[in-house]
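Letter by letter, the sequence shown follows residues 229 to 684 in our numbering.
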Amino acid sequence: MKGFGTVITGTLISGRIRVGDPVMIYPSHVTSKVRGIQVHNQSVNEAEAGMRTAINFQGLEKASVSRGEVVSSPGALIPTYMLDVSTHFLASNKKPIKNRARIRLHAGTNEVLGNLILLDREELFPGETAVAQIRFDSPVALVKDDRFVLRSYSPLRTIGGGHILNPIPQKHKRFKSEVVDGVKGIIDHTPAEIILFHLNESGYTGLSYPELKIMTNIPEKQIQNMMQVLLSQRSVILTDRETQIYIHQNSFEKLKQETAQNLNHYHKANPLKTGMPKEELKSKFSSFLSPKLFNLVLGQMIKDKEIVQDEVTVRLAIHAVALGIDQKQIKEEIVNAYKENGLTPPYFKELSKSLGIDSQSAKDVLMHLVDEGLIIKVKEDLYFIADAVKDLQDRLVDFLGSHGEMTTPQFKDMAGVSRKYLIPLIEYFDSQNVTIRIGDIRKLRMKPSNSGIKKL
Numbered sequence: 229m230k231g232f233g234t235v236i237t238g239t240l241i242s243g244r245i246r247v248g249d250p251v252m253i254y255p256s257h258v259t260s261k262v263r264g265i266q267v268h269n270q271s272v273n274e275a276e277a278g279m280r281t282a283i284n285f286q287g288l289e290k291a292s293v294s295r296g297e298v299v300s301s302p303g304a305l306i307p308t309y310m311l312d313v314s315t316h317f318l319a320s321n322k323k324p325i326k327n328r329a330r331i332r333l334h335a336g337t338n339e340v341l342g343n344l345i346l347l348d349r350e351e352l353f354p355g356e357t358a359v360a361q362i363r364f365d366s367p368v369a370l371v372k373d374d375r376f377v378l379r380s381y382s383p384l385r386t387i388g389g390g391h392i393l394n395p396i397p398q399k400h401k402r403f404k405s406e407v408v409d410g411v412k413g414i415i416d417h418t419p420a421e422i423i424l425f426h427l428n429e430s431g432y433t434g435l436s437y438p439e440l441k442i443m444t445n446i447p448e449k450q451i452q453n454m455m456q457v458l459l460s461q462r463s464v465i466l467t468d469r470e471t472q473i474y475i476h477q478n479s480f481e482k483l484k485q486e487t488a489q490n491l492n493h494y495h496k497a498n499p500l501k502t503g504m505p506k507e508e509l510k511s512k513f514s515s516f517l518s519p520k521l522f523n524l525v526l527g528q529m530i531k532d533k534e535i536v537q538d539e540v541t542v543r544l545a546i547h548a549v550a551l552g553i554d555q556k557q558i559k560e561e562i563v564n565a566y567k568e569n570g571l572t573p574p575y576f577k578e579l580s581k582s583l584g585i586d587s588q589s590a591k592d593v594l595m596h597l598v599d600e601g602l603i604i605k606v607k608e609d610l611y612f613i614a615d616a617v618k619d620l621q622d623r624l625v626d627f628l629g630s631h632g633e634m635t636t637p638q639f640k641d642m643a644g645v646s647r648k649y650l651i652p653l654i655e656y657f658d659s660q661n662v663t664i665r666i667g668d669i670r671k672l673r674m675k676p677s678n679s680g681i682k683k684l
């Protein structure tokens, strides 16, 4: 309208709207602000559900909105290409409608094309009512219990109608009894049962509080109270307080079981490993599993004393490394060899050959010794007995504590080793934050004190 800009007219379906309110237009997600409201040609500050309204929007181009779109609060709706519905096929129809039939759905002032997916049958006969999923060519933004009319694709005639059971569903597989029963249950189950069905179907991904509100259309205070009750009963689990993501207890328990199974398989495949790397365990799950949920599961299993976490590894509480007779012999031979050689050990490949030990068996036992802390890996294939490295570190720290810095030749004199071992050892101490390299010298990164060595 000249002098005013864009004005949108329609019936207020629910809630209320006030001058100055921020709004969003769905499904296009265009945002604006209410400049003025009229009801029956009279200017008002607010309008309520049921009123015919004309709303003037600030800075909104007419071309950016279309007939059939919905005005609501920002974040109040979620556009979707699917709806779960209860639909009635009129008795006046001459023949049944088949699965995947093309239809036109009319909701509010919107008309959108889609396919009718019958979840529990191949045909819907005249006079019958069934649950179905409608999949659209373009997005819609509706809420639970919204009514709709169905018309045939061609020729145009009204063939039925119904109401929405879930405005933002997942894509369903047909003839799955748990899905069909769950969707049917939305019609007459309690709000709590409906919430639990949606959460159970969402699996590990879970649902946010805003999504649950849209899916259930339960008043704010009522759904808040219900979520508190379900949380106290541990029927649902809050996995992220910041974004308010919930999952069903069934999904949480399933995650715990899968965690235990993955650890059990790892222990069987790696009997000499004290635990499974945490990141490797996380990789066994779907990418949809959030880090917060993963850590929550581990935390609960630790609390229940089902698993033990040691820095970067996780193991079953009942797991213990048990060496076989042959492995005990191999362990003794490897430890003795490294003790004898001190700071000048052979590369591990050479050591396993000289001892006449199968390379894989020797490597398994070696990694067990590393996990135990008896052997230290300095670089690939180069390992030292831990006591020798600890002794050298103590001497290094004492020297730097007294002199402040050390050159590479001075470190060579202290260690009494060739360059083959010298460089890997000094770089190892750098990597362990014992020393820091500044040009051609090393300084202490750790500060001696009466209570021991502390990081600066």
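Note that beta-carbon positions come from the ideal geometry of N, C-alpha and C, so glycine has one too.
query	result
In the DSSP assignment, find the unbroken beta strand (DSSP E) run with PHE376 in it and report its ends.	375 to 380
Drop a sphere of 10 angstroms on the beta-carbon of ALA369, count the other beta-carbons inside from all chains shown, and report buried for 16 or more, exposed for fewer.	buried
Shortest alpha-carbon distance to SER630 belongs to which of LEU526, LYS671, LEU610 and LEU620?	LYS671
Put ARG670 into one of helix, strand or coil per three-state DSSP.	strand
Can the beta-carbon of ILE442 be found less than 7 Å from the beta-carbon of PRO395?	yes
Among the residues of its own chain, which have a CB less than 6 Å from the CB of GLY667, if the five just before and after it don't count?	none
Under DSSP, the alpha helix (DSSP H) around HIS547 begins and ends at which residues?	HIS547 -> no alpha helix (DSSP H), and no H or E assigned at all.
Is GLN588 buried or exposed, if buried means 16 or more other CB atoms sit within 10 Å of its CB?	exposed
From THR572 to PRO652, what does the alpha carbon distance come to, in whole angstroms?	11 Å
To the nearest angstrom, report how far apart LEU346 and LEU378 are at their CA atoms.	14 Å
On the CB-based measure, 16 or more other CB atoms within 10 Å of its CB, does GLU297 come out buried or exposed?	buried
THR237: buried (16+ other C-beta within 10 angstroms of its C-beta) or exposed?	exposed
Specify the secondary structure class of TYR575 as computed by DSSP and reduced to three states.	coil
Out of curiosity, what's the CA-to-CA distance linking GLU686 and VAL593?	The structure shown does not extend to residue 686, since the chain spans only 229 to 684, so no value can be given for it.
Touch check for the segment 251 to 262 and the segment 285 to 299: three-plus C-beta pairs under 8 Å?	yes
HIS194 to SER380, Cα distance in whole Å?	This structure leaves residue 194 out entirely; the chain is present only between 229 and 684.
Which partner residues does ILE694 have in the DSSP bridge list?	Only positions 229 to 684 of the chain appear in this structure, which leaves residue 694 out of reach.
Who are the Cβ neighbours of SER679 in its own chain at under 6 Å, not counting the five residues just before and after it?	With a pLDDT of 37 at SER679, under the threshold of 50, the modelled position of that residue is not reliable, and no figure is offered here.
Can you look up GLU356 in the DSSP assignment and give me helix, strand or coil?	coil
Thinking C-alpha only, which one of MET504, LEU424 and LEU517 is nearest VAL536?	MET504
Give me, in chain order, the residues of the same chain whose beta-carbon lies closer than 6 Å to that of ASN327; leave out the 5 immediate sequence neighbours on both sides.	LEU346 and GLU350
Does the Cβ-Cβ distance between ILE414 and LEU427 come in under 7 Å?	no
Please state whether DSSP places MET276 in a helix, a strand or coil.	The sequence given here places Glu at residue 276; Met does not occur at that position. In this structure, GLU276 counts as strand in the three-state DSSP scheme.
Measure the CB-CB distance between LYS693 and ILE613 and report whether it falls below 7 Å.	Summary: the structure shown does not reach residue 693, with the chain confined to residues 229 through 684, and so no result is reported for it.
Considering just the uninterrupted stretch of the beta strand (DSSP E) at THR239, what are its terminal residues?	235 to 239
Provide the residue(s) that pair with GLN361 in DSSP beta bridges, ordered along the chain.	ASP312 and ILE345
Express the C-alpha separation of LYS496 and LEU509 in angstroms, rounding to a whole number.	15 Å
Using CA atoms only, rank isn't needed, just tell me which of SER301, HIS493 and GLY342 is closest to ARG330.	GLY342
Which residue spans inside the segment 391 to 424 form an unbroken alpha helix (DSSP H) run of at least 4?	405 to 416
Bridge partners of GLY388, per DSSP?	PHE317 and LEU378
If you draw a straight line from the C-alpha of VAL645 to the C-alpha of GLN638, how long is it?	11 Å
Could you tell me the boundaries of the beta strand (DSSP E) in which PHE612 lies?	610 to 613
Please state if the CB of SER260 and the CB of PHE285 are separated by a distance shorter than 7 Å.	yes
Which residue wins for smallest C-alpha separation from SER242, given the options ILE265, GLU276, ARG673 and LYS230?	GLU276
I'd like to confirm the pairing. Which residues does DSSP put opposite GLU339 in its beta bridges?	HIS334
Assign ASP626 to one of three DSSP states: helix, strand, or coil.	helix
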